[in-house]
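From first to last, the protein sequence lines are chains A and L.
-14 is the number of the first residue of the first sequence in the working numbering; add one for each residue after it.
4 is the number of the first residue of the second sequence in the working numbering; add one for each residue after it.
Yeah, the Cβ is synthetic: ideal placement off N, Cα and C, and Gly gets one too.
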Amino acid sequence: MENILSILVFFPAVAGLLGFVVDKESARAYGITVATIEFFLSLWLWFSFDTSNAGMQFVEMIPLIPDMGISYYVGVDGISLFIILMATLMTLIGMVSMSITKNIKNMIISLLFLEMTMVGVFVALDAIIFYLFWELSLVPMLYIIGAWGGPLRVYASIKFFLYTFTGSLVMLVGMLFVAYIYHNLTGVWSFAITDWYALVLPVNYQLWLFAAFFMGFAIKVPMFPFHTWLPYAHGQAPTIGSVILAAVLLKMGTYGFVRFSLPMFPDASVIAITPVAVLSLIMVVYTAMVAYAQKDIKQVIAYSSVSHMGIIMIGVFAMNAEGISGSVFQMLSHGIVSGALFMLVGMIYDRRHTKLMSEFGGLASVMPKYAVIFGIMLMAAVGLPLTIGFVGEFLVLLGFYQVSPVMTIIAGSSIILGAVYMLAVFKKSFFGPITNEENKKLKDLDRRETWSLIPLVAIVIWLGVYPKPVLEPIDNSVKAMLNFMDEKAITQEAKDMIKVAQSSKEVK
Amino acid sequence: MLEPINVSLESLNLITLAPMLVAITGGLIILIMDLINSKLHKSLYVMLTILILFVDFGTVLGLNVNERGFFDVMLIDGISIISQLLIIAGSMIFIPLALTSKRFHEYSYPEFFALFLFMISGFQFMVASDNLILIFVGLETASLSLYTLIALHNRANSYEAAVKYFTMGALAAAFFAMGSAVIYALTGSIELYKVAEVLSTRLNETGLMIAVFGSSVLLLVAFAFKISLFPFHTWAPDVYEGASAALAGYMSVVPKVAAFVVSIRIFGMYIDLGIEWVRWTILILAVITMTLANIMALVQNDVKRMLAYSSISHAGFIMAALALDTTEGNTAIFLYYALFMFTNLGAFTMLWISRHKVRRFDKRYDHPYEKFAGLIQIMPMGAVVMGLFMFSLAGVPPFSVFWGKIYVMQAAVNAGYIWLAIVMGLNSAIAAYYYLKLVVYMFLKDPVKDVDVVYYNINRPLMVIVGFATAATVTAIFYVQPLVSYLYYMISASGY
């Protein structure tokens, strides 16, 4: 199965096309079946993945437009492998727990196409193919937010689309410029990232190109001044939209930094450490404070998700193995935890048709199962030891401590701030007497809801206690990347900054 | 006593005229058939036109590159071959739009098809010559036919459109004639290759620049009218609105290809001579055109007017590629139009099949956005396909226009105009907004009224065309490579 990546990418797309034929009543079962098969395919990918190999595996390359240097070029390494797994898992679980009944067939087809683009982004090794899936992912998401969302859905979906589209067009110009330089130096057109890695660019070129790519990735993450589209998108999107958006789509931005910006522009990345770290810290602290001020549970989770993306960004720019591995791990943990939290909010919204905290209170006594799972996810979001959230956050802070202890302390405050607003949510909604009569009649989680959440709870605890099987392949690939960056860097400052880990540090 | 002039038939190289003669003969055949039997159905004429164009296409393919003929006024170089192929292919895919289920006035006249073929021969003359007089003749033949075709639509605003287009076209023709006259006065020749020779030897003469300035400005105005560049674009939305959707879609591609070829020949010559301000004038016009048209398109209430402004903006995009004056820039022009053609065909066909005899949704417009509201609920396939064309026009990969866009931007980057590439990128982002507007109406809003009959004009042939356009739009990634390499080869073979 050397071509498993192509199967992974195109299986949901073909299924989506065939889905037009499937009857409305059976669409949901069809979607879940397809997503399950896709998830098992991605598990298969994991089992046949050689964890000791840090390089690209399952590489496929088919020239598409040789005159322009564009080819269908895919591969997977430790960094992308688990994000793909998470994408297929979250699509499956999101679909299982989905409560939408209106136009269900359109939703299933959109989700399947979205799954293709998500997997495509993370396996692409050709910049244009990456860009292709990156842009294409906007279309189904636009429809999901716009068709099933809240009252401001059209505004939210257009804002989401235009923000990302504008940023990525600047990134496209950057890509074209890199290809042009590559052509000037070698005489061949190529958009293959592995070819681009070999380019050693002068620092001023690196800075401009870093800025161009930054526009595309930072809007997607979303970094601090560009984050305004996200609360709208989350606030208006249906549950499944928020789940996929928070779990997978945002990761495209941080993944882009790891895949493109760092290895291609090591010197510029080192120069950018402080500005990016400052922006990320603002993101961490400011959005955490905003989250505390929200009245709507979903908005709290949306802002907390932005805040945690800040931690991931800091880790990426720590320029050492702990920081980057930690932030890749944190991408996974954030995906699972915030996805689960959005699902939980969606479940209570389905029952009460409100997300305002003031409407709830004392839910723990009526919905014990719900309260337990919510509590576990909340602890994981805060970063309690023995949950998945702790591992990533700890590694990120450990890594960034070597760059700047002061900034690390500020970033560490996010754990405290996170605990403040998250526990406030928990206290207001779950504890105390039941003040609202309507809440007394609430039903606890039904079987479908419980079973869609239990795997996530299991993962949260499993990877919290024993992260090694996931962390090790990530760490291998990250170290290989850092070695490579260190060799490639031109300036001495960059060489000093990029820490090449000699021995792997074990966590726990 | 004058010696009798002997011209050997051999030296005329009449084969270079063959493609145009095929089209003209075809038009005459259609007229004769109408004389013999006036009861023939339009479907016969449509098919006959396609067949004639097929022969025409074959004849062009058989031409040798870099030949001259017919007293050396015909120039068959790579550009003229690919542009003729593009013109014929564009005509072939647009003419079947006449096969509507409802009866439209113009198609009941065989003259429509004869004029259509005469127009194509006019365009072919225009692109297959570097003689300013023959270009003028071709331009006028084509334009006069086109004015008539628009007016044949037999509605108040199509007369308005035709007259407006005619007046503007006449003005452009006058500018063209004056520009050519200045060139003739300056160099004593109307053949562009001789003009280039003379100019290059005399370029540092004092006072020559003023004359060069005069000629190039006059010619630029003439072609800015034809290509609808700012500030000469104002006719375009009204004309598109008045013309039938089929013809409007046609006008946004084929006449512009012909005008671009002549522009490459004329302005490419000026830029090659090192007259930098011609390049800058074109660049500035192009940037203003794409930006302004994009902003205007944002505020339109009618889908057809929006598409009209969008095609102005696309023309600005391509004009910028022309100013680069590199082989890649010129390839980009043809590649862009070749890819744009399919998507545009699809988009305008979708408008055409949703055309009602009377305006049911709005007093003023045929295709207001409200007409398409909630289309996903009424006709999911139609909405998906139309949405696809909109995303393609917006430049979302992997649909066809994206590959044209990326090639233009790459050409700009390669020529050192990175700011231009960024301007193009930002413009695409503005453009995305108005294309999304239609998508939003179709997918995210609820239907307004009587929606079951949006696709009033649909029938099987039109569905086949839409299917073809969809396939061509979606699978672009697979045929871009042969297309690029062929175009690049042909253009570099003719020395541009």
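Taken atom to atom, the span from the alpha-carbon of K425 of chain A to that of I78 of chain A is near 28 Å.
Beyond the five residues adjoining it in sequence on each side, L441 of chain A comes within less than 6 Å, by CB distance, of I321 and A325 in the same chain, given in chain order. For G1 of chain A, no CB of chain L lies under 8 Å from its own CB, so it is not counted at the interface with that chain. One Cα belongs to S398 of chain A, the other to P210 of chain A, and the distance between them is close to 21 Å. Residues of chain A whose Cβ lies closer than 8 Å to the Cβ of M412 of chain L are, in chain order, L157, V158 and L161. Comparing C-alpha distances from L155 of chain L to each of L:A184, L:W283 and L:A101 shows the shortest one belongs to L:A101. Counted as a single uninterrupted DSSP element, the alpha helix (DSSP H) harbouring V467 of chain L occupies residues R463 to V477. For I358 of chain A, there is no enclosing beta strand (DSSP E); the residue is found in the alpha helix (DSSP H) stretching over P353 to V367. For N207 of chain L, no CB of chain A lies under 8 Å from its own CB, so it is not counted at the interface with that chain. With a cutoff of 8 Å on beta-carbon distance, N134 of chain L and I230 of chain L are scored as not near each other. Counted as a single uninterrupted DSSP element, the stretch harbouring S56 of chain A is not any alpha helix (DSSP H) but the beta strand (DSSP E) occupying residues I55 to V61.
Judged by DSSP in its simplified three-state form, V388 of chain A adopts coil rather than helix or strand. With contact defined as three or more Cβ pairs closer than 8 Å, the region 368 to 386 of chain L and the region 437 to 445 of chain L are in contact. Under the 8 Å criterion on CB atoms, G385 of chain L is classed as non-interfacial with respect to chain A. Secondary structure within the region 31 to 75 of chain L: the beta strand (DSSP E) runs of 3 or more consecutive residues, fully enclosed, are 70 to 72 (chain order). For V399 of chain L, no beta strand (DSSP E) run applies, since DSSP gives it neither H nor E. The C-beta of P51 of chain A comes closer than 8 Å to at least one C-beta of chain L. The DSSP-derived three-state label of A188 of chain L is helix.
Nearest C-alpha to A39 of chain A among A:I130, A:K413 and A:V463: A:V463. Beta-bridge partners of P48 of chain A (DSSP): A:S56. Annotation: I291 of chain L to G349 of chain L spans about 27 Å, alpha carbon to alpha carbon. At a cut-off of 8 Å, the C-beta of A132 of chain A has a neighbouring C-beta in chain L. Closest option to R244 of chain A, judged by alpha-carbon separation, among A:A253, A:V301, A:Q221 and A:I225: A:V301. In the DSSP assignment, M77 of chain L forms a beta bridge with L:G72 and L:S132.
When C-alpha distances from W29 of chain A are compared across A:L70, A:F(-4) and A:F146, the shortest belongs to A:L70. Cβ neighbours of L264 of chain A within its own chain (closer than 6 Å, five residues either side excluded): M208 and F209. Burial is judged here by how many other beta carbons sit within 10 angstroms of a residue's own beta carbon; Y386 of chain A has at least 16 and is buried. C-alpha of A249 of chain L to C-alpha of W355 of chain L: approximately 6 Å in a straight line. Contact note: N417 of chain L reaches chain A through Y165, using a C-beta cutoff of 7 Å and chain order. Under the three-state reduction of DSSP, L286 of chain L is assigned to helix. Residue nearest to Y271 of chain A within the set A:L448, A:L2 and A:Y406 is A:Y406 (criterion: CA-CA distance).
Comparing alpha-carbon positions, the option among A:A278, A:L467, A:V381 and A:R433 lying closest to V81 of chain A turns out to be A:R433. The continuous alpha helix (DSSP H) containing H319 of chain A extends over residues A306 to R337. With respect to the C-alpha of I136 of chain L, the residue from L:I53, L:N297, L:A159 and L:M181 having the closest C-alpha is L:M181. Across the set A:L97, A:S37 and A:V106, the C-alpha of A:V106 shows the shortest separation from the C-alpha of I68 of chain A. Counting of Cβ neighbours within 10 angstroms places E100 of chain A among the buried residues, the total reaching 16 or more.
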